[in-house]
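Asker: Please read through the structure below; I'll follow up with questions.
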Amino acid sequence: MTILTGKADARRRLQPDRAGALRKIWEHRADYAYVLPSLAVMLIVIAYPIYYTIELSFFNTPPALQLRDKIFVGFDNYIAILTSPVFWTVTSNTLIWTLASTLIAFVLGFACALALNRDFVGRGVLRAVLIIPWVISAVAASYIWKWIYHSDFGIIGAVLVGLGWADRPPNFIDSVSTVLPSLIVVNIWREFPFAMIMMMAGLQTVPDQLLRAAKVDGANAWQRFWHVTFPHLRNVSTVTILLLAVANFNSFIIPWIMTGGGPSNASHIWITHIYELAFGRQRWGVASAYSVLLFLILMSLGYFYVRALSGNEQKDGSK
Amino acid sequence: MSIIAETTHRPLTHRRMRIDGWRWGGRIFLVFMLLYTALPMIWMLSTSIKSGFAAMQFPPQWWPDQPTLASYQKLLDPQNSVGQDFLRFFWNSLFVSTATTILSVIVAVPAAYAFSRFTFPGRNFLFFSVLLRNMFPAVIFLVPLFILMRAIGLVNTHGSLVLTYLTFGLPLAIWLLKGFYDNIPVQLEQAARIDGATRFQAFVRIVMPLSAPGIIATAIYSFIGAWNEYIYAYTFLSKNEQLTLPVGIQRFFSENTTDFPGLMAASFMMSVPVVVLFLVLQRYFVRALTEGAVKH
Chain L
-14 MTILTGKADA
-4 RRRLQPDRAG
6 ALRKIWEHRA
16 DYAYVLPSLA
26 VMLIVIAYPI
36 YYTIELSFFN
46 TPPALQLRDK
56 IFVGFDNYIA
66 ILTSPVFWTV
76 TSNTLIWTLA
86 STLIAFVLGF
96 ACALALNRDF
106 VGRGVLRAVL
116 IIPWVISAVA
126 ASYIWKWIYH
136 SDFGIIGAVL
146 VGLGWADRPP
156 NFIDSVSTVL
166 PSLIVVNIWR
176 EFPFAMIMMM
186 AGLQTVPDQL
196 LRAAKVDGAN
206 AWQRFWHVTF
216 PHLRNVSTVT
226 ILLLAVANFN
236 SFIIPWIMTG
246 GGPSNASHIW
256 ITHIYELAFG
266 RQRWGVASAY
276 SVLLFLILMS
286 LGYFYVRALS
296 GNEQKDGSK
Chain S
16 MSIIAETTHR
26 PLTHRRMRID
36 GWRWGGRIFL
46 VFMLLYTALP
56 MIWMLSTSIK
66 SGFAAMQFPP
76 QWWPDQPTLA
86 SYQKLLDPQN
96 SVGQDFLRFF
106 WNSLFVSTAT
116 TILSVIVAVP
126 AAYAFSRFTF
136 PGRNFLFFSV
146 LLRNMFPAVI
156 FLVPLFILMR
166 AIGLVNTHGS
176 LVLTYLTFGL
186 PLAIWLLKGF
196 YDNIPVQLEQ
206 AARIDGATRF
216 QAFVRIVMPL
226 SAPGIIATAI
236 YSFIGAWNEY
246 IYAYTFLSKN
256 EQLTLPVGIQ
266 RFFSENTTDF
276 PGLMAASFMM
286 SVPVVVLFLV
296 LQRYFVRALT
306 EGAVKH
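For the record, the sequence lines run as chains L and S.
For what it's worth, the working numbering labels the leading residue of the first sequence as -14, then goes sequentially.
For what it's worth, the working numbering labels the leading residue of the second sequence as 16, then goes sequentially.
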């Protein structure tokens, strides 16, 4: 009896709220009209694929992707991944690739932003030239660097031989020990401009008065940077590093075109490995299970990203 | 007396030397970065104007003795098969990128406006789920989208590309545009509404023109993204006549892997449109890109 009244009470307490929520949604129906087209597109091309990937990850699907013949296998695909030795190679490659690319690209980009943050002749031109690698297609970049690293006619090898530092041009991307660092150099080449752009924009928000005040107080350039400039850039640094990390984690074009993950998986990262499992070896179920794991990792990174961004918004005082 | 003179004098010279040290360090660093950035591009240009024979010399020539535009002529000549293919790829890229750009702007403008101005239930959740899309790589969506496109008969059409390019074009467009709308004072619209305009009229007549730079920046971003996209095009298209540039170039040089001058010329031509577009409009573009991240 008491339980029943308790339930009824709870229902009574809940109902006005729910009706209120519905009424609120109804009142705002005109607002939803603005977002509806984009939501429709997102539902078709994002929500549905995510759902489908999760489903596929529990099935074995025949090579030709005849979906009617798929067989439920439970967590077998996940177990297959975690027990495969390739998984660990690929994971450590991914970690090295992501961390090294992100940190070096950020530091170089930040340093460029600082160096460009004063007036000198040719500053605009210099900035434009430094940005170009980021704008050109990654496919073009991959071919350019493949040619630069070419084991017979590559320019770096030729310079090394010319200087007497090597007997013959090294096999930069054909050898297990050098392939990953060589690709990271290419990736940084393409990504440091992004960090530079972001940090340049951030530097413009550092109040001049503060810097001048610090100068008057006797702070040297390093102290001014460390105590005034850098704390001001904390937000933009966080966002930049996160965006770089996610972009690097998700890289495909450079490793795929330059080496296809080889030699002997030495340059395979998660993304290229998933692609090869799916479209190369037609192991759709395993590839989907990999995607789900990737999805979970990215969701947790995304959590920090959203927190960094909403931190910005709150401080800004806007909605 | 002399002590005071010294203590006030010495820190000054000391400081000046320090600052000079930083300035020179910065200059040397910038020269290094300039070399790192520019040398590969110069090497691309230099190779693209070599003959096939000159490209295969060891040690390589930094700049060819006899520069030739033969590779470019070949790519741009509609009379031969290489030129036919290249021009078709170029045209396909242009079509797909333009269609993607127009569609994402049309769909993103109202959505970004709503996210900037209205408070409706679920607004934050929806906005962040839009943003989160940018975290996910194309590969995750590839298998299911491939199945979907096959089911609705869009595999091997440019429609499949335009639709999938919206998956990364839209979230970014919404984010960039929202930043612009946030910076347009609400009072302007309120004034218009007091004068009798509806909310929609205020949006179209007042806010849209003011956000034109933002729309341009967003359009460029979508265009560059679609122009450079590789993985969907690589997976969804199989017929030679449909390929876009990034994939087309690969197909065509994989048959002739030694034609590096041709490959470099093609890489150069593929980069020119986006680099020009970017350099001309970089002011708007950079502002849009960094708008959300630099707020305090």
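Ideal Cβ placement from N, Cα and C applies to all residues, glycine included.
Bear in mind the structure is a predicted one, so any value in this text is a computation, not a measurement.
Apply the 10 Å Cβ neighbour rule to residue 253 (chain L) and answer buried if 16 or more other Cβ atoms are within range, or exposed otherwise.
Answerer: Here residue 253 (chain L) is taken as the residue at index 268 of the first sequence, counted from 1. Classification for residue 253 (chain L): buried.
Asker: In terms of DSSP beta bridges, what is residue 139 (chain S) paired with?
Answerer: On the second sequence, residue 139 (chain S) is found 124 positions in, with the first residue counted as 1. Note: residue 139 (chain S) sits in no beta bridge, so no partner.
Asker: Give me the residue from S:144, S:276 and S:290 with the minimum Cα distance to residue 72 (chain S).
Answerer: For the purposes of this step, residue 72 (chain S) is taken as the residue at position 57 of the second sequence. The option with the nearest alpha carbon to residue 72 (chain S) is S:276.
Asker: Within 8 Å of any Cβ in chain S, is that where the Cβ of residue 150 (chain L) sits?
Answerer: Counted from its first residue, the first sequence places residue 150 (chain L) at position 165. It does not: the Cβ of residue 150 (chain L) has no partner Cβ on chain S nearer than 8 Å.
Asker: Would you call the CB atoms of residue 222 (chain S) and residue 189 (chain S) closer than 8 Å?
Answerer: Residue numbering aside, residue 222 (chain S) sits at position 207 when the second sequence is read from its first letter. Residue numbering aside, residue 189 (chain S) sits at position 174 when the second sequence is read from its first letter. Their beta carbons are not under 8 Å apart, which means residue 222 (chain S) does not touch residue 189 (chain S) by this criterion.
Asker: Residue ranges of each beta strand (DSSP E) run of no fewer than 3 residues wholly in the segment 216 to 255 of chain S, ordered along the chain?
Answerer: Entirely contained in the segment 216 to 255 of chain S, not one beta strand (DSSP E) run reaches 3 residues.
Asker: Looking at residue 283 (chain S): is its Cβ nearer than 8 Å to the Cβ of residue 59 (chain S)?
Answerer: For the purposes of this step, residue 283 (chain S) is taken as the residue at position 268 of the second sequence. For the purposes of this step, residue 59 (chain S) is taken as the residue at position 44 of the second sequence. Their beta carbons are under 8 Å apart, which means residue 283 (chain S) touches residue 59 (chain S) by this criterion.
Asker: Output needed in chain order: residues of the segment 5 to 20 of chain L with a Cβ under 7 Å from some Cβ in chain S.
Answerer: If the cut-off is 7 Å between Cβ atoms, the segment 5 to 20 of chain L has 6, 9, 10, 13, 16, 17, 19 and 20 near chain S.
Asker: Going by the beta-carbon positions, is the gap between residue 256 (chain L) and residue 285 (chain L) smaller than 8 Å?
Answerer: Translated into positions along the first sequence, residue 256 (chain L) becomes position 271. Translated into positions along the first sequence, residue 285 (chain L) becomes position 300. No, the Cβ-Cβ distance between residue 256 (chain L) and residue 285 (chain L) is not below 8 Å.
Asker: Please state if the CB of residue 125 (chain L) and the CB of residue 285 (chain S) are separated by a distance shorter than 8 Å.
Answerer: As a position in the second sequence, residue 285 (chain S) is number 270, starting the count at 1. As a position in the first sequence, residue 125 (chain L) is number 140, starting the count at 1. It is a contact, given that the beta carbons lie within the stated cut-off.
Asker: Per DSSP, which one or two residues make a beta bridge with residue 56 (chain L)?
Answerer: The residue you call residue 56 (chain L) lines up with position 71 of the first sequence. Note: residue 56 (chain L) sits in a beta bridge opposite L:45.
Asker: Taking a contact to mean a Cβ-Cβ separation below 8 Å, would you say residue 254 (chain S) touches residue 171 (chain S) in this structure?
Answerer: As a first step, residue 254 (chain S) must be located in the second sequence, where it is residue number 239. As a first step, residue 171 (chain S) must be located in the second sequence, where it is residue number 156. Closer than 8 Å, so yes.
Asker: Check distances from the C-beta atoms of the segment 236 to 261 of chain L to those of chain S and list, in chain order, the residues that come in under 9 Å.
Answerer: Residues passing the 9 Å Cβ filter: 236, 237, 238, 241, 242, 255, 256, 257, 259 and 260.
Asker: So what's residue 298 (chain S) in DSSP terms, helix, strand or just coil?
Answerer: As a position in the second sequence, residue 298 (chain S) is number 283, starting the count at 1. In this structure, residue 298 (chain S) counts as helix in the three-state DSSP scheme.
Asker: Please state if the CB of residue 110 (chain S) and the CB of residue 164 (chain S) are separated by a distance shorter than 8 Å.
Answerer: Here residue 164 (chain S) is taken as the residue at index 149 of the second sequence, counted from 1. Here residue 110 (chain S) is taken as the residue at index 95 of the second sequence, counted from 1. The answer is no: Cβ separation not under 8 Å.
Asker: Only counting runs of 4 or more residues, tell me where the alpha helix (DSSP H) segments fall wholly within the segment 235 to 297 of chain L, in order along the chain.
Answerer: Listed in chain order, they are 238 to 243 and 255 to 260.
Asker: From the DSSP output, in three-state form, read off residue 200 (chain S) for me.
Answerer: Numbered from its first residue, the second sequence carries residue 200 (chain S) at position 185. Of the three classes helix, strand and coil, the one that applies to residue 200 (chain S) here is coil, per DSSP.
Asker: Are the Cβ atoms of residue 187 (chain L) and residue 221 (chain L) separated by less than 8 Å?
Answerer: For the purposes of this step, residue 187 (chain L) is taken as the residue at position 202 of the first sequence. For the purposes of this step, residue 221 (chain L) is taken as the residue at position 236 of the first sequence. The answer is yes: Cβ separation under 8 Å.
Asker: Counting only Cβ-Cβ distances shorter than 8 Å, please list the residues of the segment 236 to 251 of chain S near chain L, keeping chain order.
Answerer: Correct list: 239, 242, 243, 245, 246 and 250.
Asker: So, helix, strand or coil for residue 193 (chain S), using DSSP?
Answerer: By 1-based counting over the second sequence, the position of residue 193 (chain S) is 178. Note: residue 193 (chain S) maps to helix in three-state DSSP.
Asker: Could you run through the segment 163 to 175 of chain L and flag, in chain order, every residue whose CB is less than 7 Å away from some CB of chain S?
Answerer: Listed in sequence order: 174.
Asker: If we ignore side chains and look at the alpha-carbon of each, how far apart do residue 136 (chain S) and residue 127 (chain S) end up?
Answerer: Here residue 136 (chain S) corresponds to residue number 121 of the second sequence, with the count starting at 1. Here residue 127 (chain S) corresponds to residue number 112 of the second sequence, with the count starting at 1. Rounded to the nearest angstrom, the two C-alpha atoms are 16 Å apart.
Asker: Quick check on residue 295 (chain S): buried or exposed, where buried means 16 or more other Cβ atoms within 10 Å of its Cβ?
Answerer: Position 280 of the second sequence, counting from 1, holds the residue named residue 295 (chain S). Exposed, because fewer than 16 other Cβ atoms sit within 10 Å of the Cβ of residue 295 (chain S).
Asker: Taking just the CA atoms, how far does residue 7 (chain L) sit from residue 50 (chain L)?
Answerer: Taking the first sequence and counting its residues from 1, the one referred to as residue 50 (chain L) is at position 65. Taking the first sequence and counting its residues from 1, the one referred to as residue 7 (chain L) is at position 22. Those two C-alpha atoms are separated by around 42 Å.
Asker: Between residue 105 (chain S) and the rest of its own chain, which residues show a CB-CB distance below 7 Å, the 5 nearest in sequence each way excluded?
Answerer: Counting from 1 along the second sequence, the entry for residue 105 (chain S) is found at position 90. The answer, listed in chain order, is 260.
Asker: With burial defined as no fewer than 16 other Cβ atoms inside 10 Å of the residue's Cβ, what is the status of residue 186 (chain S): buried or exposed?
Answerer: Translated into the one-based positions of the second sequence, residue 186 (chain S) becomes position 171. Answer is buried; the Cβ neighbour count reaches 16.
Asker: Below 8 Å on the Cβ atoms is my guess for residue 34 (chain L) versus residue 82 (chain S); work out the distance and round it to an integer in Å.
Answerer: Translated into positions along the first sequence, residue 34 (chain L) becomes position 49. Translated into positions along the second sequence, residue 82 (chain S) becomes position 67. Going by Cβ atoms, the distance from residue 34 (chain L) to residue 82 (chain S) rounds to 49 Å, so no, they are not a contact pair.
Asker: Consider the Cβ of residue 311 (chain S): report whether some Cβ of chain L lies at a distance smaller than 8 Å.
Answerer: By one-based count along the second sequence, residue 311 (chain S) stands at place 296. Interpretation of residue 311 (chain S) is limited by its pLDDT of 46, a score under 50 that renders its predicted location unreliable; the figure taken from the coordinates is listed afterwards. Taking Cβ atoms only, chain L reaches closer than 8 Å to residue 311 (chain S), which makes this a yes.
Asker: Going along the chain, which residues of the segment 180 to 208 of chain S sit with their C-beta nearer than 7 Å to a C-beta in chain L?
Answerer: Flagged, chain order: 181, 182, 185, 189 and 197.
Asker: How many angstroms separate the CA atom of residue 79 (chain L) from the CA atom of residue 87 (chain L)?
Answerer: Within the first sequence, the letter at position 94 stands for residue 79 (chain L). Within the first sequence, the letter at position 102 stands for residue 87 (chain L). About 12 Å.
Asker: If I follow the unbroken alpha helix (DSSP H) through residue 93 (chain L), where does it start and stop?
Answerer: Within the first sequence, residue 93 (chain L) is the residue found at index 108, counting from 1. Where residue 93 (chain L) is concerned, the enclosing alpha helix (DSSP H) stretches over 70 to 100.
Asker: Looking only at C-alpha atoms, which of S:191, S:51, S:199 and S:228 sits nearest to residue 298 (chain S)?
Answerer: Here residue 298 (chain S) refers to the residue found at position 283 of the second sequence. Looking at the Cα atoms, S:228 is the closest of the given residues.
Asker: Mind the definition here: the segment 154 to 163 of chain L touches the segment 201 to 214 of chain L only if three or more C-beta pairs lie below 8 Å; say whether that holds.
Answerer: They do not touch, by the three-pair rule.
Asker: Give the interface partners of residue 133 (chain S) over in chain L, defined as CB-CB distance under 8 Å, in chain order.
Answerer: By one-based count along the second sequence, residue 133 (chain S) stands at place 118. Chain L residues near residue 133 (chain S): 13, 16 and 19.
Asker: So, is the C-beta of residue 211 (chain L) closer than 8 Å to a C-beta in chain S?
Answerer: If you number the first sequence from 1, residue 211 (chain L) lands on position 226. Output row for residue 211 (chain L): interface = no.
Asker: Straight-line CA distance for residue 65 (chain L) to residue 154 (chain S)?
Answerer: Position 80 of the first sequence holds residue 65 (chain L). Position 139 of the second sequence holds residue 154 (chain S). Their Cα atoms are separated by approximately 20 Å.
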